[in-house]
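For the sequence shown, the UniProt record's numbering gives the first residue as 1, with consecutive numbering after it. Backbone N, C-alpha and C define an ideal beta-carbon position, used for all residues, glycine too. Treat the numbers as computed from the prediction; the structure is a model and nothing was measured.
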Amino acid sequence: MDLVAKIKEFFKGEITVAAADLEKYSRDASLFKIKPQLAVAPQNVEDIKNLVKFVSDHKSENSDLALTVRSGGTDMTGGALSESIVVDVSKHINRLKEVGDNYAVVEPGMFYRDFEKATLGKNLLLPSYPASREICTVGGMAANNSGGEKTLKYGKTIDYVAEIKAILRDGREYVFKPVSESELEAKKSQSDLEGDIYRQISDLAVNNYDILQKAKPRVSKNSSGYYLWDVYNSVKKTLDISKLIVGSQGTLGIVTEIKFNLVKPKKHRRLLVIFLKNGKLLAQIVQKILGFGPESFESYDDHTFKVALKFLPELAKKLKGGLVRLCFNFLHEFVLILFNGMPKMVLLAEFSGDTEEEIYNKARAAERSLEELKLSTKISIPGYDTEKYWVIRRESFNFLRQKIKNLRAAPFIDDIIVKPEHLPQFLPQLYEVLDDYAIIYTIAGHVGDGNFHIIPLMDLTDPKAKNLIVQISRRVYALVIKFGGSISAEHNDGLIRGPYLKQFFGPEIYRLFEEVKKVFDPAGIFNPGKKVGASLDYSLSHLDSSKKES
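Here's what the structure looks like:
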């Protein structure tokens, strides 16, 4: 079958098999490389409907035929990679349809930076944006159930999805949102695909309610698995299938529209910066600072700080103030390093409020609460002085990806989370595992909720790299499980964590995940090999071991 010719018969958007295009679509922000057979950019929703119908109709002729949606290409798990058809929604399915009093309706391919600019114009914000806010799309945020620096106070993307439209395997578009008991009974009485899905998902969610609640990770945020435990609300007596679509990485259908609830951002902010010589006091500091209700509580380690100092010119460009100004603004840190050495960790606690006086007093009170611990601290000046810390935190992964020669940023244990109260015991054991291997790594993350992004720097051309990835992953994930955490707080599963879902959730819950996939996509036309059916051997065989350009 001439796939391109067949698709051209009904497809109005672009279709490409050009080598340069396929090379671009073979990578995301993960450590994998998978070349697609072709890539398409649908012109409109009808294109997607027709494409889904086509793949469904021809799946029996070609078992490898499948659709994988892509937008910003910032996924760190390989979730947007495919050997079949990549569907790029960022080119045309990217309209902002409406901004209301406290919500917005948007297509998945819109970049968050453009979405935020429009919503801030009405003093509204989607607060679950990730560190990749300048280059990610809102569809990717929903697909991965993203979180970020404001999640500590405001929650994750799933908390802001009011309703979601998705095209399912029959090529029809459906709206998913909470339904009442009477509405659910009406849905279940339908004789179409929608009725079938509501009947089966209702049975799975309600009949297994108790074991699902026990299986739900007991941490403040989780992006791993299908969120079957959130579908049925036993208090409100509602069923919400959008809770399954969010975070599903495009494995159940193709999202075409999202209605987000939004918040009004606080007018003023003040940042308390804390420099730690070691991690022994970390849990105590976290407990004290959380008592003052910070909007964000972030961290990065000495390795990350060294990378930032090494690339000061690039940092200056991001800040748009020139190298001399940046160096002048780092005088406090240079003096600190001169007399006390490089801090082991830098903590950023940001407080928000409606007046400058209110937030300064809150930041100062938080700072005073730490005086007995004899730490180096400062309350940064709003503007450039504050922004330099945030740029280091947000851009650390990009600096590692783009600026470190010969070694590649390898995100495979990049999103672990445990409860903050476990940090005094957890972190020393984590460092012990990592230090058993001759690898360089950085640690940054959301210290306020115990979520850390560990990024090893590795030579993926080394034959030993695969074995190292497997060994380190198994030991780190076993440690996370021991402390009741999650293997993914924000970044999701994809190729890198999909193979570990059975280990993390256990065979009984994994079987329910398989049932969810079967209900929506029995033929496997939507992004196969992610979430369930993931293979560690397949993932390792697609590591991007090409030589990194200097």
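Opposite residue i in the DSSP bridges: which residues?
| i | result |
| --- | --- |
| F513 | Partner(s): none; F513 has no beta bridge. |
| E14 | A41 |
| I446 | At residue 446 the sequence reads His, which differs from the Ile that was named. Paired residues: N451. |
| M110 | Partner(s): none; M110 has no beta bridge. |
| S180 | None, per the DSSP bridge assignment. |
| G353 | H268 |
| F260 | A104, V161 |
| A409 | L457 |
| R70 | D88 |
| D301 | M345 |
To the nearest angstrom, report how far apart residue i and residue j are at their CA atoms.
| i | j | result |
| --- | --- | --- |
| V273 | K405 | 30 Å |
| S546 | D210 | 47 Å |
| F32 | I481 | 25 Å |
| T137 | P499 | 26 Å |
| S550 | L540 | Note that S550 scores a pLDDT of 46, beneath 50, so its modelled location is shaky and nothing firm can be said. |
| G293 | R133 | 24 Å |
| E295 | L348 | 11 Å |
| N94 | L22 | 22 Å |
| R497 | A29 | 15 Å |
| N62 | N50 | 17 Å |
| I392 | F305 | 7 Å |
| E257 | D449 | 30 Å |
| S191 | V263 | 39 Å |
| D414 | A142 | 19 Å |
| L168 | F54 | 13 Å |
| E350 | E421 | 20 Å |
| K12 | F520 | 27 Å |
| V4 | T461 | 34 Å |
| D57 | I48 | 14 Å |
| V286 | E298 | 10 Å |
| R475 | V433 | 7 Å |
What is the C-beta distance between residue i and residue j, in whole angstroms, given that I count them as a contact (C-beta under 8 Å)?
| i | j | result |
| --- | --- | --- |
| V52 | L67 | 7 Å |
| F397 | A186 | That belief does not hold up - the Cβ atoms of F397 and A186 are roughly 47 Å apart, past 8 Å. |
| S146 | K153 | The pair is not a contact, with the Cβ atoms about 15 Å apart (cut-off 8 Å). |
| N261 | N102 | 6 Å |
| L124 | V99 | 7 Å |
| Y477 | F504 | 7 Å |
| V307 | F426 | The pair is not a contact, with the Cβ atoms about 24 Å apart (cut-off 8 Å). |
Taking buried to mean at least 16 other C-beta atoms within 10 Å of its own C-beta, is residue i buried or exposed?
| i | result |
| --- | --- |
| T151 | buried |
| F10 | exposed |
| A19 | exposed |
| Q249 | buried |
| S182 | exposed |
| E371 | exposed |
| K221 | buried |
| P528 | buried |
| Y437 | exposed |
| V175 | exposed |
| P456 | buried |
| P235 | As written in the sequence, residue 235 is Val, which differs from the Pro given in the question. Answer is exposed; the Cβ neighbour count stays below 16. |
| R113 | exposed |
| residue 556 | One cannot answer for residue 556 here, as it falls past the ends of the chain, which runs 1 to 550. |
| E508 | exposed |
| G70 | Here the sequence assigns Arg to residue 70, which means Gly is not the residue at that position. Answer is buried; the Cβ neighbour count reaches 16. |
| V17 | exposed |
| T355 | exposed |
Would you kindly check if the distance between the Cβ of residue j and the Cβ of residue i is under 9 Å?
| i | j | result |
| --- | --- | --- |
| G109 | H92 | yes |
| A283 | L373 | no |
| K97 | E107 | yes |
| V180 | R270 | In the sequence under discussion, the amino acid at residue 180 is Ser, which differs from the Val named in the question. Not closer than 9 Å, so no. |
| I439 | I472 | yes |
| V219 | K419 | yes |
| G494 | G79 | yes |
| L228 | L244 | yes |
| P382 | K277 | no |
| L281 | L375 | yes |
| A39 | V87 | yes |
| P127 | P265 | yes |
| F513 | T377 | no |
| D159 | N492 | no |
| L252 | K517 | yes |
| V346 | Y300 | yes |
| Y232 | S189 | no |
| H453 | P411 | yes |
| V255 | G171 | no |
| E115 | A104 | One point to set straight first is that residue 115 is Phe, not Glu, in the sequence displayed. Closer than 9 Å, so yes. |
Cβ of residue i less than 9 Å from any chain C Cβ?
| i | result |
| --- | --- |
| R113 | You won't find chain C in this structure, because it holds only one protein chain. |
Check whether the Cβ of residue i lies closer than 8 Å to any heavy atom of the ligand COA, and answer yes or no.
| i | result |
| --- | --- |
| D462 | The model depicted lacks the ligand COA and carries no ligand whatsoever. |
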